[in-house]
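Chemist: So that we are looking at the same thing, I have put the structure below in structure tokens.
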Amino acid sequence: MDMKAMTSDLPTSSLDAVMNTLVDGAVVIDSRGLVRLINPAGQAIFGYTPEELIGHNISRLMPEPYHSAHDGYIRNYLETGENRIIGIGREVEGQRKSGEIFPMSLAVGEMGHRDGMLFIGIIRDLTDERQRETDFNELQARHFHLSRVAAMNEMGAAIAHEINQPLSAAANYVETGRILASRRDPPDDRLLSILDKALEQNHRAAEIISRMRTFIERGDVQSETVHLGDMIDEAMMLSLSKFRDTPIAIDRRIDPDALRVKGDAVQIQQVLVNLVRNGCEAMIDQPVKCLTLSIHPDAEHPDMSRISVSDTGEGLSDAVITDLFTAFTSTKSGGLGVGLSISRSIVHAHGGRIWATDNDGPGATFSFTLPRVQTCAEAVNVDRPA
Ligand SMILES: Nc1ncnc2c1ncn2[C@@H]1O[C@H](COP(=O)(O)OP(=O)(O)OP(=O)(O)O)[C@@H](O)[C@H]1O
Ligand SMILES: [Mg+2]
């Protein structure tokens, strides 16, 4: 549709040129609320042709309650000068020809024209942006839930381990007491029966603990081919969302041959998030904040991929380094101290290893390995004579 033909009474052809090149939707209406012009981006957003709109009321592009109230808004503005939107811009809802209601940002300007006042609305469709936000919030909620579950598992394993020892010691004492009581002459049947009950309860507790351990250790590890490239961006977003106000430089050094690994995507992502988050937390008070993520085939074990997260943070003192991976070890006021122990459990369950080193310069490097899926070229080369 030739826009000029539709708008021959509008000020200049240069306005048409501007409207046609705008990436955002633009709609011009007159003081009666009738559409005088809609640019191609606007037509694409609302799904109407210009013929279907020009000369019709703009309320066609709005859902209720704006649909019915819009004429009133313009009249009120023209009569009282009371401005609710012009020059302000706000988020409102639009309605496409299909009936779909969608979020959009709307900025309105006014211009004088020989026919009276004209208003121009600049429209940006926010559907994709909102969808990305929703997806990210869902991802964050799922991740938060999973890290809680993992923390509970870690806690359960630690409790089970700690309680087992005193429990078996108590059982030993009761057994000994029972032997002593049975040697009495005549045997103290009442005492014996009480000690039997104590032993029974002890066995029950041991049984519960043992069941708890099997339940925790069973933690299913899915083994599928995971493409790390797909998950890095998501892991970075999850980790960095807490540091929106802190400028952190991210450097990626990635060998594509190491990107395909075998394992459980969600769990591997948890490890990455824990390490990246720790790295960022360690840099918070440091002048240089640079995080390097590298992924390469492991030099010592080429059948593994090595993933390293290096920061320019406070680094690792000898005192910290010994207990890093032990559950509930934290130097942070708000830290639970389970991030690294969960990461270690996950990496070990995948047949990899995880370790930390203090950098030569500032900061620390955390690395872990995962079984690598060979590239096609490598697989072919294995069979080829040297
Ligand atoms: N990149 C790092 N640089 C310096 N110290 C670190 C780094 N990563 C971990 N640490 C040390 O190891 C400790 C344990 O880390 P871990 O991730 O297990 O727990 P946390 O970060 O304290 O708490 P959370 O359970 O919330 O993760 C940290 O408290 C910190 O002292
Ligand atoms: Mg942590």
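At position 69 of the sequence shown the residue is numbered 69 (UniProt numbering), and the sequence of numbers has no breaks. By construction, the Cβ of each residue, glycine as well, lies at the ideal position given by its N, Cα and C atoms. Keep in mind that this is a model prediction, so the values were computed, not measured.
Return the chain-ordered list of same chain residues with a C-beta closer than 7 angstroms to the C-beta of residue 225, the five sequence neighbours on each side being excluded.
Modeler: 260, 262, 373
Chemist: Which word fits residue 3, buried or exposed, when buried means at least 16 other C-beta atoms lie within 10 angstroms of its C-beta?
Modeler: Because the pLDDT at residue 3 is just 39, under 50, the model does not fix this residue reliably, and the point stays unresolved.
Chemist: Going by DSSP, name the residue or residues bridged to residue 293.
Modeler: 252, 309
Chemist: Give the straight-line distance between the Cα atoms of residue 7 and residue 128, rounded to the nearest whole angstrom.
Modeler: In this prediction, residue 7 has a pLDDT of 43, which is less than 50 and means its spatial position is unreliable; nothing more can be read from the coordinates.
Chemist: Since residue 121 and residue 108 should fall inside the 8 angstroms C-beta cutoff, what is the C-beta to C-beta distance between them, to a whole number of angstroms?
Modeler: About 5 angstroms separates the two Cβ atoms, so the contact holds.
Chemist: Any contact of the region 362-378 with the region 300-312, i.e. 3+ C-beta pairs under 8 angstroms?
Modeler: yes
Chemist: Among residues of its own chain, excluding the 5 on either side of residue 40, which ones have a beta-carbon nearer than 7 angstroms to its beta-carbon?
Modeler: Here the set comprises 20.
Chemist: Can you tell me whether residue 319 is buried or exposed, with buried defined as 16 or more other CB within 10 angstroms of its CB?
Modeler: In this structure residue 319 is exposed. Its beta-carbon is surrounded by fewer than 16 other beta-carbon atoms within 10 angstroms.
Chemist: Among 315, 302, 212, whose alpha-carbon lies nearest the alpha-carbon of residue 378?
Modeler: 302
Chemist: Touching or not, the region 190-207 and the region 243-251, by the rule of three or more beta carbon pairs under 8 angstroms?
Modeler: no
Chemist: Using a Cβ-Cβ cut-off of 7 angstroms, state whether residue 105 counts as contacting chain C.
Modeler: Included in the structure is just one protein chain, with no chain C present.
Chemist: Might you give, ordered along the chain, the residues of its own chain that have their beta carbon closer than 8 angstroms to the beta carbon of residue 353, omitting 5 neighbours on each side?
Modeler: 347, 368, 369
Chemist: I'd like to check one pair, residue 54 with residue 29: are the Cβ atoms closer than 7 angstroms?
Modeler: no
Chemist: So, at 7 angstroms on beta carbons, what are the nonlocal neighbours of residue 344 in its own chain, with the 5 sequence-adjacent residues on each side left out?
Modeler: 325, 354
Chemist: When we look at the beta-carbon of residue 101 and count the other beta-carbons within 10 Å, is it buried (16 or more) or exposed?
Modeler: exposed
Chemist: Within 10 angstroms of its Cβ, does residue 160 collect 16 or more other Cβ (buried), or is it exposed?
Modeler: buried
Chemist: Among all the DSSP beta bridges, which residues are the ones paired with residue 90?
Modeler: 106
Chemist: On the three-pair Cβ rule with 8 angstroms, is the region 264-279 touching the region 138-151?
Modeler: yes
Chemist: Please go through the same chain and pick out, in chain order, the residues whose beta-carbon is closer than 7 angstroms to the beta-carbon of residue 257, but skip the five residues on each side of it.
Modeler: Spatial neighbours of residue 257 in its own chain (CB-CB distance under 7 angstroms, excluding positions within 5 residues in sequence) are listed in chain order as 297, 375.
Chemist: Roughly how many angstroms separate the alpha carbons of residue 197 and residue 334, rounded to a whole number?
Modeler: 43 angstroms
Chemist: Quick check on residue 301: does DSSP put it in helix, strand or coil?
Modeler: coil
Chemist: In three-state terms, what does DSSP make of residue 372?
Modeler: strand
Chemist: With DSSP run on the structure shown, which of helix, strand or coil describes residue 377?
Modeler: helix
Chemist: With DSSP collapsed to three states, give me the class of residue 46.
Modeler: DSSP places residue 46 in helix when its eight states are reduced to three.
Chemist: If you measure between the beta carbons of residue 111 and residue 125, is that distance less than 7 angstroms?
Modeler: no
Chemist: Give the secondary structure of residue 284 by DSSP, where H, G and I count as helix, E and B as strand, and everything else as coil.
Modeler: coil
Chemist: Let me know the secondary structure DSSP gives residue 6 once reduced to three states.
Modeler: In this predicted model, residue 6 has a pLDDT of only 41, less than 50, meaning its place in the structure is not dependable; the value taken from the coordinates is given anyway. Looking at residue 6 - three-state DSSP - the assignment turns out to be helix.
Chemist: Following a CB-centred definition, is residue 278 positioned closer than 6 angstroms to any heavy atom of ligand 2?
Modeler: For ligand 2, at least one heavy atom lies less than 6 angstroms from the Cβ of residue 278.
Chemist: Going by the C-beta, is residue 35 closer than 6 angstroms to any heavy atom of ligand 1?
Modeler: Outside the cutoff, so no.
Chemist: For residue 262, write down the residues that DSSP places opposite it in a beta bridge.
Modeler: Answer is 225.
Chemist: Helix, strand or coil: how does DSSP classify residue 132 here?
Modeler: Here residue 132 carries a helix assignment [DSSP, helix/strand/coil].
Chemist: Buried or exposed, going by whether 16 or more other CB atoms sit within 10 Å of the CB of residue 386?
Modeler: With a pLDDT of 46 at residue 386, under the threshold of 50, the modelled position of this residue cannot be trusted, and the question is left open.
Chemist: Taking residue 106 and residue 92 to be in contact with their CB atoms under 8 angstroms, please state how far apart those CB atoms are, rounded to whole angstroms.
Modeler: 5 angstroms
Chemist: For residue 341 and residue 356, which I take to be in contact (beta-carbon distance under 8 angstroms), what is that distance rounded to the nearest angstrom?
Modeler: Incorrect: roughly 13 angstroms between the Cβ atoms, too far for contact.
Chemist: Between the C-alpha atoms of residue 32 and residue 232, what's the straight-line distance to the nearest angstrom?
Modeler: 53 angstroms
Chemist: Say yes only if the C-beta of residue 156 is nearer than 6 angstroms to one or more non-hydrogen atoms of ligand 2, and no if none qualify.
Modeler: Outside the cutoff, so no.
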